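First up is the structure itself, then whatever we jot down about it.
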Amino acid sequence: MSWILIFEQLLNGVQLGLTLFLMAAGLTLVLGIMNLVNLAHGSLYMVGAYLTLAASQWTGSYVAGVLLGLAGTLVIGMLVEVVALRALYDRDHLDQVLATFGLILFFNELVAMLWGRASLYAQLPQYLRGHVELFSGSSYPVYRLSVIVVGLLVAVLLWYVVTQTRLGMLIRAGASNRTMVAALGINIRLLSTVVFGFGAVLAGLAGLMAGPIYSVQPGMGELILIQVFVVIVIGGIGSVRGALVGALIVGIVDTLGRAFLKPMLGAMLSPTAGEAAGPALASMLIYLLMAVVLALRPAGLFPARG
Amino acid sequence: MIQPVAAALLAASVAAFSLLPTPALAQQKIKIGFITTMSGPQGVIGAYMKDSVELALDHLGRKVGGLEAEVVYGDDQTKPDVGVQVAEEMLKKHNVDIVAGIIWSNVMLAVQPVVNGAGKIMVGTNAGASPLAGSQCNPLYFSTSWNNDQTPEAMGKYLQDSGVNDLYVMAPNYQAGKDMVAGLKRYYKGRIVEEVYTKLGQQDYQAEITQLRSKNPKAVFAFYPGGMGIQFLRQYDQAGLRDKLPLYTVYTVDEISIPAVKDAAVGIKEARFWSPDLKNAASEKYVSDYKKKYGKLPVFYGAQSYDGIMLIDSAVKATKGNLKDAKALARAMQKANYPSIRGPFQFNVNHHPIQNFYLLDTVKLPSGDIEMRIQKTIFEKHKDSYYQDCKM
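So this is what it looks like as structure tokens:
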């Protein structure tokens, strides 16, 4: 097992983690500030992927497609908040789960009606195809590197907004005590809509970046949503820092588990044990990790509420 | 006052009675229940199957075996329990004469006993569960597709014959994944560098692809059906492996996945019993009319479903429309006396086709379209590996 291989797998893990982070950041803010369990977050991821695809075909430019896709997801996200979710803030979590599950079905069928059920082709511009040589003999897809760069930029931007701006202060205050923020004369409704729109854009960004790697089809959001929930449970609900750390941990643990667990078990126990237990254990590794974190720190690694 | 009332009652009852069809007329209709997956991500396969059934009905003048035909469609949602529910509704509420369709082996294993148990014929048009070809075969069960193992067997034979060594094997970690690898290994006896089983429904294969590259295999065998295949093909291409490391697949590259991955599929080899470019009259008619009606190429799932309706048609014709005698119908089906999309063929003793398997290549045509082309025949009249266990 060479160091280059381990480094490359770490890079894969970071890349997976940053994709999860984009989804988790929005979801954790919504859950933390509005106390809303939003299962339909995956639908916004899907909407982002579809809108970008449609817009880049329409305009003929990838960059214009990305910008229109993000703007479209922002509008749809805010619309969903105003029309459907606002009524749910004071309801209990079961009602929220039911209602947002309904939204998932609605969006999946809507997308199937508009674009069909078949997976769509998501084209990449020439400059994002191809691969670069990080070390001699190891080539890495340019697109995956650009996902890492975008993910890191968003993380920095979020850190700046949340810790250095007035909006961020309100977001943090909202996460700690929603009633008190409202009592101090802040329009918490507007704040909620803004935060939700913000989260929707991040989900849309994750979706449009996932499009060319994964498969753009109805229901694509649900495939990633469970991992995202694991991330925010590990990171601590409502904490952006927690979402980043949680996402990186989940991404790296999952990737390294898939890559090295089988040979490790094979070497430590026996090759047949590695064959049998390796793949099964690798696929549940992040859930085991979540269980351990929950046992040691029930509020997650970086709890937002004091 | 009594007489007019009685007269009215009599008139009403006569009117009501005349609305009932006469027994002779009722026999003029055949009802076929067709179960497939219409919703969710796999609903796209069901759509191809339904379109093909409709095309078969068009070709037969909306009649099956000379009888006016009605097809009742049911959605199994890829779940065995829902499949059973749908089948029971078809049998009890709609009184269907024959049930056909079904994509998934696990759904078929649940539905087949229900249909055959009710004394009706089941025509499977995709699922190829091995028990139904072997120990659990049934006189009233027919397949117009294949046994699951046959396609990877064909790929294994091709790899063995072309002297490929150092093969890297990848499949999802579930029963069909293991079955595919077992089928491959029944004919491929060369070195296997590693067998990797990934999580079912996994989206990201970058970690596995990095591992794969570090092992320096000479070729890769993969089984990734549906959305997993689209993701795997894209990522294999993005990693720059498509031109360097030959990829041999089963149930991964098809007319559903090619439009989604385009160039990422070019040069990838598949094994299959049928392809839209297969040369025979029935297949050419099916493909050209499918393209005319739906504006796209058909896929093998659809071809098998078209074939299923044609098989039923031939049997109903042969028994002169007597739908009551399921055993006589089954005897007529066993003859496979109809123009199949795979060309003339025979049913084995287990009611599974004895058929050819071909090597397919994915090629970019001068027009820019990407299509699959038959390269050579790997197996002629290939029988599945389970028919000896079938005691009917």
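Those sequence lines, one after another, are chains A and B. According to our numbering, the residues represented by the first sequence are 1308 to 1613, in order. According to our numbering, the residues represented by the second sequence are 8 to 399, in order. Where a beta carbon is used, it is the ideal one built from N, C-alpha and C, also for glycine. Computed from a prediction, not measured in an experiment: that's the story for all the values here.
Interface annotation, Glu1440(A): not in contact with chain B, CB-CB separation never under 8 Å. Proximity of chain A to Arg241(B) at the Cβ level (cut-off 9 Å) is accounted for by Ala1429, Pro1519, Ile1520, Tyr1521 and Ser1522, in chain order.
Annotation: Lys390(B) to Ala161(B) spans about 11 Å, alpha carbon to alpha carbon. When the five nearest sequence neighbours on each side are left out, the beta carbons in the same chain lying within less than 7 Å of the beta carbon of Gly234(B) are those of Pro48, in order along the chain. The way I'd put it, the region 276-287 of chain B does touch the region 149-168 of chain B; three or more beta-carbon pairs between them come closer than 8 Å.
Secondary structure in the region 91-172 of chain B: the beta strand (DSSP E) runs of 3 residues or longer, each lying completely within the stretch, are 105-108, 128-131 and 148-150 in chain order.
Counting C-beta atoms within 10 angstroms of its own C-beta, Gly50(B) has 16 or more neighbours from the protein chains shown and is therefore classed as buried. Counting of Cβ neighbours within 10 angstroms places Phe1314(A) among the exposed residues, the total staying below 16. When DSSP states are grouped into helix, strand and coil, Thr1335(A) belongs to the helix group. Relative to the Cα of Gly236(B), the nearest Cα in the group Leu318(B), Tyr212(B) and Arg198(B) belongs to Tyr212(B). Bounds of the alpha helix (DSSP H) holding Asp320(B) are Phe307 to Ala325. Secondary structure of Ser1446(A) (DSSP, three-state): strand. Where Glu291(B) is concerned, the enclosing alpha helix (DSSP H) starts and stops at Ala288 to Tyr301. Here Ile1495(A) is not near Gly1324(A), since their CB atoms are 8 Å or more apart.
For Ala1566(A), the residues of chain B that pass the 8 Å Cβ criterion are Ala214, Glu215, Thr217 and Gln218, in the order they occur in the chain.
Scanning chain A for C-beta atoms nearer than 7 Å to the C-beta of Tyr204(B) yields Pro1586, reported in chain order. Around the Cβ of Gln238(B), a 10 Å sphere holds 16 or more other Cβ atoms; the residue is buried. Secondary structure within the region 1373-1412 of chain A: not one fully enclosed alpha helix (DSSP H) run of 4 or more consecutive residues is present. The alpha helix (DSSP H) runs of length 4 or more contained entirely in the region 217-285 of chain B are, from start to end of the chain, 234-245 and 265-268.
Taking 8 Å as the cut-off, the beta carbon of Gly1545(A) is found no closer than this to the beta carbon of Asn1415(A).
For a Cβ distance threshold of 9 Å, residue set Gln213, Gln242, Gln245, Ala246 and Gly247 of chain B lies close to Pro1448(A), ordered along the chain. In its own chain, leaving out the 5 sequence neighbours on each side, no residue places its CB closer than 7 Å to the CB of Gly375(B). Neighbours of Ser221(B) in chain A, taken as residues at a C-beta separation under 7 Å, are given in chain order as Leu1312. Around the beta carbon of Thr1562(A), 16 or more other beta carbons sit within 10 angstroms, so the residue counts as buried.
Taking a C-beta cut-off of 7 Å against chain A, none of the residues of the region 327-352 of chain B qualify. Nearest to Ser321(B) by alpha-carbon distance, out of Ala310(B), Lys327(B) and Tyr345(B), is Tyr345(B). Straight across, the Cα-Cα distance linking Val1449(A) with Gln1430(A) is about 14 Å. Contact holds between the region 33-43 of chain B and the region 75-92 of chain B, because three or more Cβ pairs, one in each stretch, are under 8 Å apart. Within chain B, Gly47 and Pro48 have C-beta atoms less than 8 Å from the C-beta of Gly1526(A), given in sequence order. Residues of the region 1537-1564 of chain A that bring their beta carbon within less than 7 Å of a beta carbon in chain B comprise Thr1562, in sequence order. In this structure, Gln1534(A) lies near Val1557(A), with their beta-carbon atoms less than 8 Å apart. In this structure, Ala178(B) sits near Phe230(B), with a CB-CB distance shorter than 8 Å. DSSP places Gln362(B) in the strand class (E or B) of the three-state scheme. Across the region 256-268 of chain B, CB contacts with chain A closer than 9 Å involve Ile263, Ser264, Pro266, Ala267 and Val268, in sequence order along the chain.
DSSP places Ile1544(A) in the coil class of the three-state scheme, outside both helix and strand. When Cβ-Cβ separations below 8 Å define contact, Ala229(B) makes no contact with chain A.
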